[in-house]
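Numbering (this note's numbering), first residue to last: 126 to 850. Backbone N, C-alpha and C fix where the C-beta goes; we use that ideal spot for every residue, glycine too. Only one structure is covered here, and it is reproduced in the block below.
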């Protein structure tokens, strides 16, 4: 029987819980491996180990050689036997020190002093050695096999062994990952966000390579960044994230149909949403359309609007202009080279094959604005500052409740009259969970072209909690170029508005002609201005007559003075694919080594890279390009791990390897309560010849404990907050 979406939903929840459980178990095993390192080193050093515990809290079951398995702890039974033996055997005297009652060597009958226990809280674990406790510096012992009595160099080995074990575990996991193969996004550009460094950068060897367009393009393969090879897109993201603030990254790019590798120097910029340094580029898409569970209504409507009737989710783009297509970038490249002419695409799925003709979409200038204080971004198309009014594209189920129809043009949303996409979205988002007053311009009758449009008040419209009202916004209304005002919002790039933004054209006006030539779309406006640019020579601004009809029906003609630099920007605009990349699955490659030896080399290299990156994170934290809110605590790690686990067990192993390395690095920081702090105290003892005083140790321990508690509260608060964003 086929499963409906409602019947699958509980299964999805169960899978999510199972993923969290897997991460929970994996993280616990990493901590246990850390403690196992301490345990094995202590046994090697001849230090008496009192307990090796999995988890915290009271013991559920325990094992002690000579006593066997016990429910709960065998410690009391062991103490009783110790006291009984001491009372009858004068040669078996108690050890000196505050832990004398339990500081016992092996009893007759080979009863071991070490208890192995499984505790009631199965998270992590610990090792308890005679004469050593992290939070109690006074827990010393004069017994010859105590931690305090061991040579300093052996104590250093014991303290460092946990960190070493985590590094070895990470290396082993990385070796397994690269031996089996890791599916990951290649270092290929899928898109560039408007106004970002990746969109505006000019290749250093552009003239030599014969290119004129600025920016990274879909299909560009980044082969190196920051002087290091880029094997995957995570290398690109990590390089920008960890870049020194204000420092440019050298980048080598291979572009399809360009013989010479392109050299870029791009300075990452602080992204207002993530608050991290970003290039503004995203990974590429495959040639397979997304698979959809449940209703395909929105997908089908989008395909129909694009002229792709019959194209279904999961189908594969096999050919573009009769040439084999391997990824979405092939479609984008064909559109850019089309010159505006139609081109053919072929989609296949099962036994079906569809050959269709597409019209490329004219590329426009784009600029991103911040919609809210949280830094949420949205972009608009424009031509030198002329911005179209937002309209309804595809509608979703709840749009019917709000009385919206595809093709509606927004005459007003809240306080905004004839808003652009970004201004309209900002007005709607500002009323999340409430209502917003909306009036639309709607064609009469059956909404076909030729009908006389009418203003239709929709009244208060319910806004969802996520700041939406159930439609996909568009701004390409056919047959009439209604213009909005330049958005009164903060642009992402904080750039000077183009000349068209200051013409003073009232919002809701209709541009009808440029230099006497009729225009009815943003594309026609672009082409008319470009045609004027062809007749222009020199670098002086050019006056272009622009005719528009205001909302009251009055016609006006103004002179638009366009700087030569803006003409140059228009000349660089080409054509885009009418099919957005988001409807395709992400492109993936498999990073896999051919033999175990090669996998070992890559695994060790990856371990070293993560170690250096973790230390660099603290440097960038001090410099301010990495924020405290970017750090993850247990909740954040579990959340990230559950997301990663959905990509498969190999990705989970990769994630756990990274966590293991991070745990090693953090544990060896010079924090008094951590292994790094203990190591520094031992180093002091080795140099000075005497241990740090108990008073100083207590003070440092309390300071370290306080620091860890504060950091734990901060990262947990951020983790929980991020869960609900």
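For residue 181, the residue or residues it bridges with in DSSP: On the chain shown, residue 181 is found 56 positions in, with the first residue counted as 1. Note: residue 181 sits in a beta bridge opposite 246.
Beta-carbon spacing of residue 107, residue 378 below 8 Å: Since the first residue shown for the chain is 126 and the last is 850, residue 107 is missing from the structure and cannot be characterised.
Count Cβ pairs between the region 341-361 and the region 454-465 that sit closer than 8 Å; are there 3 or more? Three or more beta-carbon pairs drawn from the region 341-361 and the region 454-465 are found closer than 8 Å, and the two stretches are therefore classed as touching.
Confirm, please, whether the CB-CB distance from residue 314 to residue 347 is below 8 Å. For the purposes of this step, residue 347 is taken as the residue at position 222 of the chain shown. For the purposes of this step, residue 314 is taken as the residue at position 189 of the chain shown. Contact: yes.
Local conformation of residue 450 per DSSP, three classes: By 1-based counting over the chain shown, the position of residue 450 is 325. Note: residue 450 maps to coil in three-state DSSP.
Sequence-distant residues of the same chain with beta carbon closer than 8 Å to residue 158, five excluded per side: For the purposes of this step, residue 158 is identified with residue 33 of the chain shown, where counting begins at 1. Within the same chain, and ignoring the five residues on either side of residue 158 in sequence, the residues whose Cβ sits closer than 8 Å to its Cβ are 290, 291, 294, 785.
Can you list, in chain order, the stretches of the beta strand (DSSP E) that have 3 or more residues and sit fully within the region 470-532? Taken in chain order, the complete beta strand (DSSP E) segments of 3 residues or longer contained in the region 470-532 are 477-483, 490-495, 502-507, 516-520.
Answer yes or no: do residue 529 and residue 517 have a C-beta to C-beta separation smaller than 8 Å? Locating residue 529 in the chain shown gives position 404, where the first residue counts as 1. Locating residue 517 in the chain shown gives position 392, where the first residue counts as 1. In contact: residue 529 and residue 517 (Cβ atoms closer than 8 Å).
If the criterion is Cβ atoms closer than 8 Å, does the pair residue 546 and residue 503 meet it? Translated into the one-based positions of the chain shown, residue 546 becomes position 421. Translated into the one-based positions of the chain shown, residue 503 becomes position 378. In contact: residue 546 and residue 503 (Cβ atoms closer than 8 Å).
By Cβ distance, which residues of its chain are closer than 7 Å to residue 794, with the 5 residues on each side in sequence left out? Numbered from 1 along the chain shown, position 669 holds the residue referred to as residue 794. Only 801 meet the Cβ criterion.
Flag this pair as yes or no: are the beta carbons of residue 673 and residue 646 separated by less than 8 Å? On the chain shown, residue 673 is found 548 positions in, with the first residue counted as 1. On the chain shown, residue 646 is found 521 positions in, with the first residue counted as 1. It is not a contact, given that the beta carbons lie outside the stated cut-off.
Pick helix, strand or coil for residue 437, following the three-state DSSP scheme. Here residue 437 is taken as the residue at index 312 of the chain shown, counted from 1. Collapsing the DSSP output to three states places residue 437 in coil.
Does the beta-carbon distance from residue 695 to residue 666 come in below 8 Å? Here residue 695 corresponds to residue number 570 of the chain shown, with the count starting at 1. Here residue 666 corresponds to residue number 541 of the chain shown, with the count starting at 1. Contact flag unset, no.
Give the C-beta separation of residue 244 and residue 178 to the nearest angstrom, bearing in mind that I take them to be a contact with Cβ-Cβ under 8 Å. To locate residue 244, count along the chain shown from 1; it is residue 119. To locate residue 178, count along the chain shown from 1; it is residue 53. Contact holds; Cβ gap of about 6 Å.
Given residue 744 as reference, the closest of 370, 506, 443 once Cα atoms are compared: If you number the chain shown from 1, residue 744 lands on position 619. Nearest C-alpha to residue 744: 370.
Using CA atoms only, rank isn't needed, just tell me which of 249, 170, 740 is closest to residue 182. The residue you call residue 182 lines up with position 57 of the chain shown. The closest CA to that of residue 182, considering only 249, 170, 740, is found on 249.
Helix, strand or coil, according to DSSP, for residue 145 in the structure here? As a position in the chain shown, residue 145 is number 20, starting the count at 1. DSSP places residue 145 in helix when its eight states are reduced to three.
Under three-state DSSP, which class holds residue 318? Walking along the chain shown from the start, residue 318 turns up at place 193. Three-state DSSP puts residue 318 in coil, outside helix and strand.
CA nearest to the CA of residue 560, picked from 543, 428, 589, 578: Start at 1 with the first residue of the chain shown, and residue 560 comes out as number 435. Out of 543, 428, 589, 578, the CA that lies nearest to the CA of residue 560 is found in 589.
Residue 725 and residue 300: beta carbons closer than 8 Å? Within the chain shown, numbered from 1, the residue matching residue 725 stands at position 600. Within the chain shown, numbered from 1, the residue matching residue 300 stands at position 175. Yes. Within cutoff.
Residue nearest to residue 331 in terms of C-alpha spacing, selected from 577, 443, 385, 381: In the chain shown, the residue the question calls residue 331 occupies position 206. The shortest C-alpha separation from residue 331 is found at 385.
Give the single residue among 193, 692, 169 whose Cα lies nearest to the Cα of residue 509. In the chain shown, counting from the first residue as 1, residue 509 sits at position 384. For the options 193, 692, 169, the alpha carbon positioned closest to that of residue 509 is the one of 692.
Helix, strand or coil at residue 326 [DSSP, three-state]: Taking the first residue of the chain shown as position 1, residue 326 is located at position 201. Residue 326 sits in coil when the DSSP states are folded into three classes, being neither helix nor strand.
Alpha carbon to alpha carbon, what distance is there between residue 605 and residue 709? Within the chain shown, residue 709 is the residue found at index 584, counting from 1. Within the chain shown, residue 605 is the residue found at index 480, counting from 1. Between residue 709 and residue 605, the C-alpha separation is close to 32 Å.
Beta strand (DSSP E) segment containing residue 584, residue limits: Within the chain shown, the letter at position 459 stands for residue 584. In the DSSP assignment, residue 584 falls within the beta strand (DSSP E) that extends over 578-587.
Exposure label - residue 677; buried when at least 16 CB within 10 Å: As a working note, residue 677 is residue 552 in the chain shown. Answer is exposed; the Cβ neighbour count stays below 16.
In three-state terms, what does DSSP make of residue 798? For the purposes of this step, residue 798 is taken as residue 673 along the chain shown, with counting starting at 1. Looking at residue 798 - three-state DSSP - the assignment turns out to be coil, as it is neither helix nor strand.
For a quick check, are the C-beta atoms of residue 505 and residue 600 less than 8 Å apart? Residue numbering aside, residue 505 sits at position 380 when the chain shown is read from its first letter. Residue numbering aside, residue 600 sits at position 475 when the chain shown is read from its first letter. Yes, they are a contact pair.
From the DSSP output, which residues share a beta bridge with residue 598? Position 473 of the chain shown holds residue 598. Beta-bridge analysis with DSSP links residue 598 to 517.
Which residues in the same chain as residue 748 place their Cβ atom closer than 8 Å to its Cβ, once the five residues preceding and following it in sequence are excluded? What you label residue 748 is simply residue 623 of the chain shown in a count that begins at 1. These residues qualify, in order along the chain: 369, 370.
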